[in-house]
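Engineer: First to last, the protein sequences are chains S and H. The numbering used here numbers the first residue of the first sequence as 4 and each following residue consecutively. The numbering used here numbers the first residue of the second sequence as 205 and each following residue consecutively.
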Amino acid sequence: MEKQSLRKAYGDALVELGKQNSDVVALEADLGKSTMSCLFKDAFPDRYFEMGIAEQNMASTSAGLALGGKIPFYSTFAVFASGRAYDQIRCSIAIPRANVKICGSSCGLSDFGDGKTHQSIEDSNVIKTLPNMIVINPLDAVEVKKVMKFLLSYEGPAYIRINRNDLPVFTAEEGEFELGKLRTIVDGNDALIFATGAMVWKSVEAAGLLKKDGISAQVVNVSAVKPLVKEEILKYTAGKKAIITVEEAVKIGGLGAGIAAEIIGEVNLPFEQVGINDTFGTSAHGYDELLEKYGLSTNHIYNAVKRALNK
Amino acid sequence: MLKPEQKKELEKITLQLRRDLVEMIGIGVAGHLGGSSSLAETMAVLYFNKMNFSADRLKDPNRDRLVLSKGHAALIQYAALCEKGCFPREELKRVKKLDALLQGHPDLSIPGIEAVTGSLGQGLSISLGLALALRLNKSPARVYTIMGDGEQSEGQLWEASMAAANFKIDNLTAFLDWNSVQATGATKDIFNIPDLDKKWTSFGWHSINVDGHTVEAILNAIEEAETIKGKPTLIILKTIKGKGFSFAEGNPAYHNGILTEETYKQALKELDAIKAGL
Chain S
4 MEKQSLRKAY GDALVELGKQ NSDVVALEAD LGKSTMSCLF KDAFPDRYFE
54 MGIAEQNMAS TSAGLALGGK IPFYSTFAVF ASGRAYDQIR CSIAIPRANV
104 KICGSSCGLS DFGDGKTHQS IEDSNVIKTL PNMIVINPLD AVEVKKVMKF
154 LLSYEGPAYI RINRNDLPVF TAEEGEFELG KLRTIVDGND ALIFATGAMV
204 WKSVEAAGLL KKDGISAQVV NVSAVKPLVK EEILKYTAGK KAIITVEEAV
254 KIGGLGAGIA AEIIGEVNLP FEQVGINDTF GTSAHGYDEL LEKYGLSTNH
304 IYNAVKRALN K
Chain H
205 MLKPEQKKEL EKITLQLRRD LVEMIGIGVA GHLGGSSSLA ETMAVLYFNK
255 MNFSADRLKD PNRDRLVLSK GHAALIQYAA LCEKGCFPRE ELKRVKKLDA
305 LLQGHPDLSI PGIEAVTGSL GQGLSISLGL ALALRLNKSP ARVYTIMGDG
355 EQSEGQLWEA SMAAANFKID NLTAFLDWNS VQATGATKDI FNIPDLDKKW
405 TSFGWHSINV DGHTVEAILN AIEEAETIKG KPTLIILKTI KGKGFSFAEG
455 NPAYHNGILT EETYKQALKE LDAIKAGL
């Protein structure tokens with residue numbers, strides 16, 4: 004399967020939005036070559052603000068630009084885009100519903116070499132607790148572009164989480180991103196896998212392995228970990244024998260917890276969470292080594308489905 | 205330059221704002237009298253002389269913006285906005301009550317408020333963003349920010365300070381309300397920051413020192429700031445916390461203190477005495 008860079012897709016999409024709307028501005032904290040916001044700098048130097056390594060100021064300055072009628076997109080590594088500026092996101096952006104789009108790049112374990120200080124495994128969990136914020140995890144480069152197009156028309160603050168790695172492209176160019184909408188990637192009727200971001204592809208691979216064992220697993224893409232719409236989730240649960248959630252984030256307060264909270268009392272099915280335990284990451288020479296270590300590999304998903312079905 | 209009648213008018217407004225402060229706080233409830241009162245003259249000059257701002261065009265893209273970075277002094281801004289006709293006077297009596305329009309700290313839901321502030325250190329960054337947006341739009345509007353001296357210990361302010369100089373922002377004027385007292389004591393005892401003035405100028409700002417309780421001096425400083433090109437200006441207001449109320453002046457207890465029936469009456473009496481002398 005062809006792999007594409009989600010970061011390049013972000014940068015390209017940002018330029019496209021900049022062409023469509025002259026109010027779009029971009030801010031960066033010295034990582035534009037990683038996040039690919041540098042493409043916007045080349046296209047629109049007057050609307051690009053290099054804020055230096057000062058993420059708190061970048062977040063609140065973005066809020067001011069939004070209050071002045073601009074549509075700011077700020078980007079840096081996810082861990083700094085979110086946690087470093089948490090209170091600035093809360094007070095300057097989320098409370099006033101400032102129209103700021105935050106791009107947390109190199110999310111999850113994807114900044115494999117830099118280790119625990121740079122691996123952002125709780126950013127989406129933390130940001131989604133803030134009222135008015137939405138949190139979106141695109142699964143491939145095509146979805147990044149769709150999400151970006153959606154964000155231009157969406158009036159309000161948003162957090163988008165971008166993986167550092169090139170990932171397989173397996174969604175169609177056609178169609179639009181719809182907030183809160185879930186989509187079947189692989190059909191199936193025994194187990195129901197809700198996955199988000201890079202973990203969707205891993206779940207597709209797991210579903211392939213399960214098929215060889217005669218187990219049919221449905222893989223559903225949850226693009227937005229917030230908002231989670233109960234009715235949407237319940238559309239998929241009827242007739243299933245188990246539910247498995249898969250996310251590249253700590254389990255505490257993550258996608259699994261969110262889905263469980265929505266369906267508890269409505270659906271009584273075995274439930275398994277694939278995610279990161281209550282621990283920080285570590286350095287490695289490759290991304291897949293970390294997915295293996297922290298329980299996010301294809302095999303881990305495969306085993307979780309088996310465990311759930313045997314409950 | 206202010207004409208004598210303009211000066212007198214601004215001084216009358218200043219007195220009215222201080223009276224509103226006392227009435228908003230009322231008896232037996234805590235309120236930020238000290239750091240609000242120290243800003244009465246600055247608010248009067250900005251809203252009633254200098255700023256392009258009026259209640260009937262709160263969304264005018266070319267209005268001047270005032271961001272109160274020291275958001276705990278919201279009461280003095282509410283008093284000024286009320287005088288400007290942004291909301292009815294009855295709202296002042298309900299400040300901080302459940303479901304009231306006037307929140308404990310500035311909120312965008314309040315007509316005339318431009319930013320959510322209160323978590324200290326963020327207002328200058330927000331103002332920088334506003335100033336950049338206005339510059340992109342080639343708007344003649346200016347942005348004013350008011351910071352506290354205690355607030356100077358917030359690191360984000362210095363990030364914003366460097367960024368504003370870096371972007372050569374000259375449509376932004378910041379005020380530093382140097383009233384020398386913060387929540388729990390004298391600023392020099394809590395977290396002393398020597399040479400504040402030099403720090404800002406070395407960060408690339410033009411700075412002006414003025415008596416923050418003299419309307420002409422404040423106005424002159426604002427007009428000087430308008431002439432400075434290619435860099436932002438900081439106006440350091442030398443003020444007295446709790447100014448105008450003998451029991452509160454320089455007293456940390458009135459950072460967010462309760463007025464008793466006695467101090468409440470005394471406060472109004474002191475304002476009446478000043479009014480009689482005008």
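Using N, Cα and C, we set each Cβ at its ideal position, and we do this for glycine too. The model shown is predicted, which means the values in this text are computed figures rather than measured ones.
1) Identify the residues that DSSP records as bridge partners of Met366(H): which are they?
2) Quick check on the burial criterion: 16 or more other C-beta atoms within 10 angstroms. Buried or exposed for Asp381(H)?
3) Taking just the CA atoms, how far does Glu287(H) sit from Glu125(S)?
4) Can you tell me whether Asn313(S) is buried or exposed, with buried defined as 16 or more other CB within 10 angstroms of its CB?
5) Going by DSSP, what residues sit across from Ile74(S) in a beta bridge?
6) Could you give the DSSP three-state label for Thr240(S): helix, strand or coil?
7) Short check: CB of Leu159(H) to CB of Tyr468(H), under 8 Å?
8) Are Asn280(S) and Lys309(S) close, meaning C-beta to C-beta below 8 Å?
9) Does the distance from the C-beta atom of Glu158(S) to that of Asn224(S) stay below 8 Å?
10) Leaving out five residues on either side along the sequence, give the residues of the same chain with a beta carbon under 7 Å from the beta carbon of Ala57(S).
11) Of all the CB atoms in chain B, is at least one closer than 8 Å to the CB of Phe153(S)?
12) Is the shortest distance between the beta-carbon of Gly232(H) and the beta-carbons of chain S less than 8 Å?
13) Would you tell me roughly how many angstroms separate the C-alpha atoms of Gly354(H) and Asn396(H), rounded to the nearest one?
14) Runs of 3 residues minimum, wholly inside the segment 87 to 122 of chain S: which ones carry the beta strand (DSSP E) assignment?
15) Looking only at its chain, what residues have a beta carbon closer than 7 Å to the beta carbon of Ala277(H), apart from the 5 residues adjacent to it on each side?
16) Go to Arg164(S), then tell me how far its beta strand (DSSP E) extends in each direction, as first and last residue.
17) Can you pull the chain S residues whose beta carbon is under 8 Å from the beta carbon of Gly434(H), in chain order?
18) Can you pull the chain S neighbours of Pro265(H), defined as C-beta to C-beta under 9 Å?
19) Whose CA, out of Gly298(S), Thr240(S), Leu293(S), lies closest to the CA of Gly268(S)?
20) Using only CA atoms, which one of Glu295(S), Gln59(S), Leu42(S) lies nearest to Ala12(S)?
21) Counting along the chain, where does the beta strand (DSSP E) carrying Pro208(H) start and finish?
22) Looking at the structure shown, is Thr64(S) part of a helix, part of a strand, or coil, going by DSSP?
23) Closer than 7 Å: is that where the CB of Met61(S) sits relative to any heavy atom of the ligand PLP?
24) Which residues mark the beginning and the end of the alpha helix (DSSP H) in which Met247(H) is found?
25) Please list the partners that Val419(H) has in chain S, where partner means a Cβ-to-Cβ separation under 9 Å.
26) Do the CB positions of Asn256(H) and Leu423(H) come within less than 8 Å of each other?
27) In this structure, does DSSP put Met4(S) in helix, strand or coil?
28) Where does Asn85(S) fall in DSSP's three states?
29) Chain S partners of Glu363(H), CB-CB under 7 Å?
30) DSSP has Gly352(H) in a bridge; who is on the other side?
31) Looking at C-beta atoms only, is the number of pairs between the segment 278 to 292 of chain S and the segment 134 to 146 of chain S that lie closer than 8 Å three or more?
32) Based on the DSSP secondary-structure assignment, which residues constitute the bridge partners of Leu376(H)?
33) Give the straight-line distance between the Cα atoms of Met151(S) and Ala144(S), rounded to the nearest whole angstrom.
34) Please list, in chain order, all residues of the same chain as Ser411(H) whose beta carbon is under 8 Å from its beta carbon, the five residues on each side excluded.
35) With a threshold of 16 other CB atoms inside 10 Å of the CB of Gln23(S), please say whether the residue is buried or exposed.
36) So with CB distances below 7 Å, who are the chain S contacts of Glu318(H)?
Structural biologist: According to the data block:
1) Paired residues: none, contrary to the question.
2) buried
3) 47 Å
4) exposed
5) Val27(S)
6) helix
7) Past the edges of chain H, shown from 205 to 482, lies residue 159(H), and the structure says nothing about it.
8) no
9) no
10) Ala32
11) In summary, chain B is missing from the structure at hand, where the protein chains are S and H.
12) no
13) 9 Å
14) 104 to 108
15) His236, Gly239, Ser240, Leu243
16) 161 to 164
17) Chain S residues near Gly434(H): none, gap ~17 Å exceeds 8 Å.
18) Gly71, Gly72
19) Thr240(S)
20) Leu42(S)
21) Taken as a continuous stretch (DSSP letters only), Pro208(H) belongs to no beta strand (DSSP E), being part of the alpha helix (DSSP H) at 208 to 229.
22) helix
23) The model on display carries no ligand, and the ligand PLP is accordingly not part of it.
24) 244 to 249
25) Chain S residues near Val419(H): none, gap ~28 Å exceeds 9 Å.
26) no
27) coil
28) With the sequence shown as reference, residue 85(S) is identified as Ser, and Asn is not the correct amino acid for it. Ser85(S) falls in the helix class under three-state DSSP.
29) Ala57, Gln59, Asn60
30) Asp381(H)
31) no
32) Val347(H)
33) 11 Å
34) Asp401, Trp404, Thr405, Thr437, Leu438, Ile439, Ile440
35) exposed
36) Leu70
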